[in-house]
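Structure, as C-alpha cells:
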Amino acid sequence: MSAGPYNYSYIFKYIIIGDMGVGKSCLLHQFTEKKFMADCPHTIGVEFGTRIIEVSGQKIKLQIWDTAGQERFRAVTRSYYRGAAGALMVYDITRRSTYNHLSSWLTDTRNLTNPSTVIFLIGNKCDLDAQRDVTYEEAKQFADENGLMFVEASAKTGENVEEAFLETAKKIYQSIQDGRLDLNAAESGVQHKPSQPGRNTLVNDQQVNKDTCAC
Amino acid sequence: MSVENKGICNADMPVHDTGTGNVLSRRLNKILETRIENDKETLEALKELSTFFTENTLQARRNLRSKIEKRSLVINEDFLSAFRDVKEVLDAIYSDVSEMNNSVQKMISRLQATKTQTHHLIDQTTKLQAESQTLSLQKEVAGAFLRSFQLSPAEQAVLRGSSRECAITDEFFTVLDRVQSIHSNGRMLMQSGHQTAALEIMEQMALYQEAALERLYRWTQSRCRNIESPETSILLSMAMSRLQGRPVLFRYVLDEYRTSRRSVLVTAFIDALTQGGPGGTPKPIEMHGHDPKRYVGDMLAWLHQAIPSEKDNLLILLKGCDKTDVSDQILQTLSHITEGVCHPLKVRVERMLAVDTDATVLYSVTNLVCFYKQVIGQVVPGSQLLTTLEELQELSQHTFLLALQSQVRQQLSECVETPPSDLSPSPGVSQLLNLLRDVLSVGCIAEGRQQDLPQIVSIIVEPLLQAINESATRLPTSDMAVYLLNCLYQMQSTLSLYEFVDELLERLQAQSDAQLDTLTSEQASSLVANLNLGSIYTILQEQGKGALSSVPGMEPTGLKNFLSKLDAFLVMQDVLLLPQICLLLSGTHRSIVQHRAFEVIAAIYRQLYEAVHDPENLYQNPGVLMPRSPDQVLKLLIG
Ligand SMILES: Nc1nc2c(ncn2[C@@H]2O[C@H](COP(=O)(O)OP(=O)(O)OP(=O)(O)O)[C@@H](O)[C@H]2O)c(=O)[nH]1
Ligand SMILES: [Mg+2]
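Going down the list, the sequences are from chains F and B.
According to the working numbering, the first sequence is numbered sequentially starting from 572.
According to the working numbering, the second sequence is numbered sequentially starting from 4.
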C-alpha cells in the first residue's frame, strides 16, 4: 500500500498560535524546510505548510496552519482552530509578555478545539539564553498545571523543533489507537487516508475498529 | 598308472659313464627321496591299486602287470566309445555350423544388396534433417517475432476484460503499455524494411489500444468518484496517465471527477455548517449564526482549509500525466470543484448582511470577505468562488456604508442638537467618534483596504462637522468658539491616531485656528474693556500732534486708573479671563488664547510705555508713573 500514490495513511491538522514575533513561522519553516528564515515578514492571516512524517511505522501527513499573531488578524485566525488535532502554542523566552499571554491563548484553544486536541507548549528562541526572560522551570510548571506537553526550542538552531512536531503527532496517534479520537467523525482534525474534508469511508472505520479490538 | 610310468621312465634313463652300482644307488636314492605323502599322483595310484590288488600273494604279484594292462585296456575302450559319441555330436554341430555359414553368406550378400539400396535413402534423410533444422529455427524466429509483435490470447483477454464491468487491474496496464511499445517497435520494423508487416502490426495495435482505452475510460469515469480509496487511487493515477494521450476522454474523466468532488465538497460543507464535529465539537458553524463575524469567518476558513486537500487529491490523480502541462487543468478542475459551495455560502453571507446590523460588525465582515477573496484568489484564481467572494465583498461593503450612514444619521438627529451648558461636545459627538473608533479598530486584515478609510471617516466626520457648526451658530460668539474648539479637539484627538487622515486633520486644524482667533480677540477685547484700556488704546492709535500728556484721558491721573487695574491683574490674571476659556477641554487651547490675549495687552502696554517715556509727550517722571518695563510686564503675563 505504501507504494501507492498516497504514501501516507493519515492527515493530521495542526495550528500554530502565539503572540506576534515569537517565531511561529520560523518554527514551521524550520520544520518543513530545515532552514532558518532570519527576516521573516509578519504572517498575513494564515499560512499553510505540510510535511510527511512517520509514527510507529505509519506515514502521516501533517497539514499545518500557521496563524498570524497580530491582534488585527484574530478574527481570521480564530476560525482555524476548528478541528485541529494538534495545537502548538508558542511564546518567546526572551519576551515575558508573550509568556504572560499564554493563558489567554490557552483559553481560546480550549474553547475553540476538541477536548482531544493535543496542545504542545513551545518556548522558542532558546538559543538566546543570555536574553532569557522566562525560566524553564516556571514554564514547565505552567505546562504541567495545564496538562500541556512542553519543550524549549529554537527555530534558529533547529533544536527540539522536530521533537515538538513529532511528539504531538505521537500523542495524536496514541489517541487514535486508544479509540479516543473518532476518525469517522468530520473535523476531528485527523483523516484516515486523504479524503474530502469530511467523511471517511466505512472501510477505514472498520479498519480502525479492528485495530482497537486487537489491542 | 603313474607309478608305472615313472618306473618306465626311470628304467629308460640312459646310463652313461656311471657304473651299475651307481645307477642302482641313484635309483634307490631317488626312491628314498620320494616323499610319497606329498605326491598326490602316487597316492592316487596307490589308492586305485588298493581297489583291485586285495591280496598280496605271489600269484597276485605275478599277475599284477597283466591285470593292470587289462584294466588299462578296458579303460581305453571305454574312453574310445565315449569319445565316439562326442565325435558324432561334433559332426552334427559341424554340419549345423556349415549350414549356418551358408545362410549367413546368403544374408551378407542380401545385405550388401540392401545397403546399396539404402544409401540413397540416407542421403535423402540427411537432406530432410537439415531442412527440418532450418525450419525449426525459422519457427523459433517466427515465435519470437509473434511474441514481441503480437498479444498472447491471455493478454488479449486482460485487455478486453471478461465483461463490461470487469475491473481494471495492474496487469491491464502492463499489457496496455506493451501494446504501446509494440506499436512504436513497429516503426523500427518499418525502418528495417518490413513495411507491410509493420503497418499491419501497427494498425492492429492501434485497434487494441483504442478498444482498451475506451474500456479504461469507462472504468475510470465510473471509479473516479472514489479517489479516497487507496486501492483504486493507484490505478486511477495510472489510468489518467494512459488517458492523457486522448484529450477528449481525459477531459470527460476530469469532468466526471470534478462533478463528483464538487458534490462531496458541498455535502461536507453543509455538514460542517449543520452538524459539526464528533459529539458536537467543533460545533456546527451555524451555531454562530447570531455572530456574523464568527459565522462568516468560520465558513470562509473552512473553505480555505478544504482547498489544499482537494488540490492534493487532484495532484495525485494527475501525477502520472507528464506529457502535457496539467497545471491549467488542475486550476480549472479546482475552480469547478469549489463552485458548488458558492451558492450555500452566498445565501448565508447575504443573510448576515442586513442594513440594520451594526456597522462595525458589517465592516469586520467586509474585511473578512476581502481577506479571503485575496487568499482564495491566490489558490483558485479566476474561479466562480472568487467571483462570489468579489460579489459578496461588494455587497458587504455597500451594506456597510449604508448602515454606517444610517447609524450616523440616527445619532446626529438624536444627540447633536443643543450643546450642553458646559460647552463640552454633546454626547452625540462622542458617540459618533466612538463609532468611528470602533469601525477603524476593526483593523485592516486585507491588503489595500486602507483606501476605504478616508471614505469611512468622511461618512462620519462630514455630517458631524456640519451638525456641530449648525448647533454652534445658536450660541454667543465666545460660547460658539469654545464649543466648536471642544468638538474639534475631540475629533482631532480621535483622528490623530490614524495616518491616512492628514488632509482632514489639516482642515480641522484650520477650523480650530479660526476659532482660536475668534476667541483670542474676544478675550483681548474683554481684557481691554476690563482694564479701562479702550480709550487709551484708541488715542494711542490716533496719536497726532501735541503732547500726549495733555490729551484728555491720557493725563497721568487718567493713566493711573489703568495702571492700578493692571497691577491687580498682573497678580491675579485669572480673574479677568472669560469664563468660557475655562471650559476649553484642551489645555493648549486655553493657554494659546490666554497667551495671545495677554500679548495684545503687553503690546498696548509697550506702546503706552514708549509714549510716556517719549520726552515729546511731556510726562513728568515717567519712571515713577510707569515703573515696569514692557518686558517685565510681558514676563509677568506670559511667564
Ligand atoms: N534568535 C532567534 N530568533 C528567532 C527564532 N525564531 C524566530 N526568530 C526571529 O523572530 C522574528 C519573528 O519570527 P516569526 O517567525 O516571523 O514570528 P511569528 O510568530 O510568525 O510572527 P507573526 O507572523 O507576526 O505572528 C524573526 O525576525 C525571526 O528571525 C529563534 O529561534 N531564535
Ligand atoms: Mg508568522
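All C-beta atoms, glycine included, are put in the ideal place defined by N, C-alpha and C.
Cα-Cα, which of F:Ala656, F:Ser725 and F:Tyr707 is closest to Cys697 (chain F)?
Of F:Ala656, F:Ser725 and F:Tyr707, the residue nearest in Cα terms is F:Ser725.
Using a 10 Å radius around the Cβ and a threshold of 16 neighbouring Cβ atoms, would you call Val89 (chain B) buried or exposed?
Classification for Val89 (chain B): exposed.
Using a Cβ-Cβ cutoff of 9 Å, what residues of the region 321–332 of chain B are near chain F? List them in chain order.
Closer than 9 Å at the C-beta level to chain F, one finds these residues of the region 321–332 of chain B: Lys322 and Gly323.
DSSP state of Gly718 (chain F) mapped onto helix, strand, coil:
Gly718 (chain F) falls in the coil class under three-state DSSP.
Would a check of beta-carbon distances place Gly718 (chain F) closer than 8 Å to chain B?
Any Cβ of chain B closer than 8 Å to the Cβ of Gly718 (chain F) would place that residue at the interface, and such an atom is absent.
Per DSSP, which residues does Gly657 (chain F) bridge with? Please list them.
DSSP lists F:Tyr585 and F:Val689 as the bridge partner or partners of Gly657 (chain F).
What are the uninterrupted segments assigned as alpha helix (DSSP H) that are 4 or more residues long and contained completely in the region 433–494 of chain B, given in chain order?
For secondary structure counted as the alpha helix (DSSP H) over 4 or more consecutive residues, the region 433–494 of chain B holds these complete runs in sequence order: 455–475.
So what's Gln712 (chain F) in DSSP terms, helix, strand or just coil?
Helix, per DSSP.
Per-residue burial, Tyr97 (chain B) [other beta carbons within 10 Å of its own, 16 or more giving buried]:
The residue in question, Tyr97 (chain B), is exposed, as its Cβ has fewer than 16 Cβ neighbours within 10 Å.
I need the straight-line Cα distance from Ile379 (chain B) to Gly654 (chain F), nearest angstrom please.
Taking the straight line joining both Cα atoms gives about 20 Å.
List the endpoints of the continuous beta strand (DSSP E) containing Gly620 (chain F).
Element bounds for Gly620 (chain F): Val617 to Val626.
Quick one, are the C-beta atoms of Ala571 (chain B) and Leu522 (chain B) less than 8 Å apart?
Result no, Cβ atoms of Ala571 (chain B) and Leu522 (chain B) do not sit closer than 8 Å.
In the DSSP assignment, what are the bridge partners of Leu633 (chain F)?
DSSP, once it has assigned bridges, lists F:Phe583 and F:Arg622 as partnering Leu633 (chain F).
Quick check for students: name the residue ranges of the alpha helix (DSSP H) that lie wholly in the region 246–284 of chain B, counting only runs of 4 or more.
Complete alpha helix (DSSP H) runs here, min 4: 250–277.
Across the region 611–629 of chain F and the region 675–689 of chain F, are there enough close Cβ pairs to call them in contact, namely three or more that are closer than 8 Å?
With the cut-off at 8 Å, the region 611–629 of chain F and the region 675–689 of chain F do not touch.
Any Cβ of chain B within less than 8 Å of the Cβ of Arg770 (chain F)?
Confidence at Arg770 (chain F) is low in this model, with a pLDDT of 33, below 50, so its placement is unreliable and no value can be given for it.
Quick check: the Cα distance between Gln635 (chain B) and Tyr670 (chain F), rounded to an integer number of angstroms?
Going from the Cα of Gln635 (chain B) to the Cα of Tyr670 (chain F) covers about 59 Å.
For the region 318–390 of chain B, which segments carrying the alpha helix (DSSP H) assignment without a break, of at least 4 residues, lie completely within its bounds, in sequence order?
Note on the region 318–390 of chain B: whole alpha helix (DSSP H) runs with a minimum of 4 residues are 330–340, 345–355 and 362–382, in chain order.
Could you confirm whether any beta carbon from chain B is found closer than 8 Å to the beta carbon of Ser532 (chain F)?
What is shown of chain F runs 572 to 786, which leaves residue 532 (chain F) out entirely.
Chain F within 8 Å of Ala304 (chain B), Cβ atoms only
Ala304 (chain B) belongs to the set of residues whose beta carbon lies under 8 Å from a beta carbon in chain F.
Would Leu219 (chain B) pass as a contact of Ile171 (chain B) if the rule is Cβ separation under 8 Å?
Judged by their CB atoms, Leu219 (chain B) and Ile171 (chain B) are nearer to each other than the 8 Å cut-off.
Is the shortest distance between the beta-carbon of Arg649 (chain F) and the beta-carbons of chain B less than 8 Å?
At a cut-off of 8 Å between beta-carbon atoms, Arg649 (chain F) makes contact with chain B.
Separation of Asp679 (chain F) from Thr728 (chain F), as counted between CA atoms
Computed Cα separation, rounded: 30 Å.
What's the call for His592 (chain B), buried or exposed, on a 16-neighbour Cβ count within 10 Å?
Result: buried.
Own chain, CB closer than 6 Å to Gln495 (chain B), minus 5 neighbours either side, in chain order
Non-local beta-carbon contacts of Gln495 (chain B) in its own chain, meaning distances under 6 Å to residues more than five positions away in sequence, involve Leu511 in chain order.
Is there at least one non-hydrogen atom of ligand 1 closer than 7 Å to the beta-carbon of Asn316 (chain B)?
Ligand 1 never approaches Asn316 (chain B) closely enough for any of its heavy atoms to be under 7 Å from the residue's Cβ.
Contact list for Phe3 (chain B) against chain F, beta-carbon separation under 7 Å
Residue 3 (chain B) is absent from the model: chain B starts at 4 and stops at 642.
Extent of the continuous alpha helix (DSSP H) to which Leu64 (chain B) belongs
A small fix is needed here, since residue 64 (chain B) is Arg in this sequence, not Leu. For Arg64 (chain B), the uninterrupted alpha helix (DSSP H) run begins and ends at Leu61 to Phe152, by DSSP.
Tell me whether Asn695 (chain F) counts as near ligand 1, meaning its Cβ is closer than 7 Å to at least one heavy atom of that ligand.
Within the cutoff, so yes.
Local conformation of Gly626 (chain B) per DSSP, three classes:
DSSP places Gly626 (chain B) in helix when its eight states are reduced to three.
So the candidates are B:Thr336, B:Leu356 and B:Arg249; which of them puts its Cα closest to the Cα of Ser399 (chain B)?
Nearest option by C-alpha distance: B:Leu356.
Would you please verify whether the beta carbon of Lys296 (chain B) is less than 8 Å from any beta carbon of chain F?
Yes - at least one Cβ of chain F is within 8 Å of the one on Lys296 (chain B).
Closer than 9 Å at the beta carbon, the chain F residues around Cys447 (chain B):
Cys447 (chain B) reaches chain F at Arg643, counting residues in chain order whose Cβ is nearer than 9 Å.
Round the Cβ separation of Leu640 (chain B) and Phe601 (chain B) to the nearest angstrom and send it over; I've been treating them as touching at under 8 Å.
Their Cβ separation, rounded to whole angstroms, is 4 Å, which keeps Leu640 (chain B) and Phe601 (chain B) in contact under 8 Å.
May I ask you to list the residues that DSSP assigns as paired with Asn695 (chain F)?
In the DSSP assignment, the residues bridged to Asn695 (chain F) are F:Asp663.
Quick test of your reading: Leu530 (chain B) and Leu579 (chain B), contact by CB under 8 Å. State the CB separation rounded to the nearest angstrom.
Confirmed, about 6 Å.
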